[in-house]
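Okay, structure first, notes after.
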Amino acid sequence: MDRSHICYARTGQHATPLSRVPTLRRELNRRIATTLSGDPLTKKDLSTCFTPMAWLNDEVINSYLALIVDYLRRTNHNNGRGDKPRFHAFNTFFFSNMRDKGYQSVRRWANRAKIGGASLLDVDTVFVPVHNSAHWTLIVIKPMERTIEHFDSLGSLSHRHVGVMKDWLRNELGPRYVEEEWRVLPSVSPQQDNGSDCGVFLLSTAKAVAIGKKKKKKKKKKKNLLRKKIVAELMAGGLEGDFDPASGGEVLL
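When the letters of the sequence shown are read in order and numbered with my numbering, they come out as residues -14 to 238.
Okay, here's the thing in structure tokens:
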């Protein structure tokens, strides 16, 4: 699902002569990068990130979370062919399906990712992007530690979102789910000062979790620089080399 039309409305593009529409459409659909799964990232997708005040679309969110998971698996020696994943990111449709249609609509998702059933308790980190009422937030589940944390750059407590994930855990784990073992951690998330940067905050928070950086409530004015860095990392196809977070100088909110 492409939500980038929202960003175009917000950035107020000028009217375009009808004769140029096919050319512009081809330009917007031109492949700029490739995701780790081999899907194209187009100019239209990346424009939702490098355009200031634009809302990131699903493709950018999903592709960047995949880079973070790839980084975690490589650096934790969990990327072998026979290794059971200890890190995973569900795509942007997982939460809304679970919330709106219930567990049956997502009951195979964890198994497809090789983290289903009791195996889930051997997983270190699961990232769950949440889109709700034109706002991106992030839920991080750490099954080995039995914790759930919801990061919202607008400061909402969103107990209902956490409840949706508890329902998923209860169904996925069956008798292995013990309510008393699980803790909902108090959220500490950088706070946005506009209505457009929630997707950037989601991705920055996911990376902070991945590299063990402490999250802070205080805002930092690095959003446009961070947008450019996200695009550069997507185009590079991985968090390695010049973009390795361990190399220092990491830009986070």
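Built from N, CA and C at the ideal position, the CB exists for glycine as well.
Under 8 Å Cβ to Cβ from A231, same chain only, skipping five residues before and after it: list those, please. T60 and I196
Please report the residue range of the alpha helix (DSSP H) in which A221 lies. K208 to A221
Any idea if D68 is buried or exposed, counting beta-carbon neighbours within 10 angstroms, 16 or more meaning buried? exposed
Proximity to A193 [Cα-Cα], best of L13, I53 and M150: Ranked by Cα distance from A193, the first of L13, I53 and M150 is I53.
Using only CA atoms, which one of L139, A98 and T110 lies nearest to N117? L139
Exposed or buried, what is L210 when buried is set at 16 or more other beta-carbons lying within 10 Å of its beta-carbon? exposed
From the DSSP output, in three-state form, read off K127 for me. In this structure, K127 counts as strand in the three-state DSSP scheme.
Starting from the C-beta of L158, find all residues in its chain whose C-beta is less than 8 Å away, skip the five residues before and the five after it, and write them out in chain order. G102, A103, L105 and L106
Pairwise C-alpha distance: A221 and T132: 33 Å
Return yes when at least one heavy atom of the ligand SAH lies under 8 Å from the C-beta of I196, else no. In terms of ligand content, the structure shown is empty, and the ligand SAH therefore cannot be addressed.
Helix, strand or coil for H116, going by three-state DSSP, please let me know. Strand at H116.
Nearest-angstrom Cα distance between L57 and R71? 9 Å
Which stretch, first to last residue, makes up the beta strand (DSSP E) that contains A18? Run containing A18: R16 to T19, per the beta strand (DSSP E) assignment.
Alpha-carbon spacing of L26 relative to F35, whole angstroms: 13 Å
Integer-rounded CB distance, given that V113 should sit under 8 Å from W121: In this structure W121 is not in contact with V113, their Cβ atoms being roughly 11 Å apart against a cut-off of 8 Å.
At the level of alpha carbons, what is the spacing between K214 and G180? So the alpha carbons of these two residues sit roughly 20 Å apart.
Collapsed DSSP secondary structure at F243 in the structure displayed: The shown model of the chain, from -14 to 238, leaves out residue 243, and the question about it has no answer.
What residue from D109, N96 and V216 has the CA that sits closest to K127's CA? The residue among D109, N96 and V216 with its C-alpha nearest the C-alpha of K127 is D109.
R155 versus R92 - alpha carbon distance: 12 Å
Tell me whether A18 is buried or exposed, calling it buried when 16 or more other Cβ atoms sit within 10 Å of its Cβ. A18 sits buried, since 16 or more C-beta atoms from the chains shown fall within 10 Å of its C-beta.
Is it right to say Q177 is buried, meaning 16 or more other beta carbons lie within 10 angstroms of its own, or is it exposed? buried
Quick one, which of S22, H62, R66 and N64 has its alpha-carbon nearest Y49's? S22
Beta-carbon spacing of A191, L123 below 9 Å: yes
CB of D137 within 9 Å of CB of S90, strictly: no
Closest to G184 by CA distance: which of V216, K198, L224 and P160 is it? The residue from V216, K198, L224 and P160 with its alpha-carbon nearest to that of G184 is V216.
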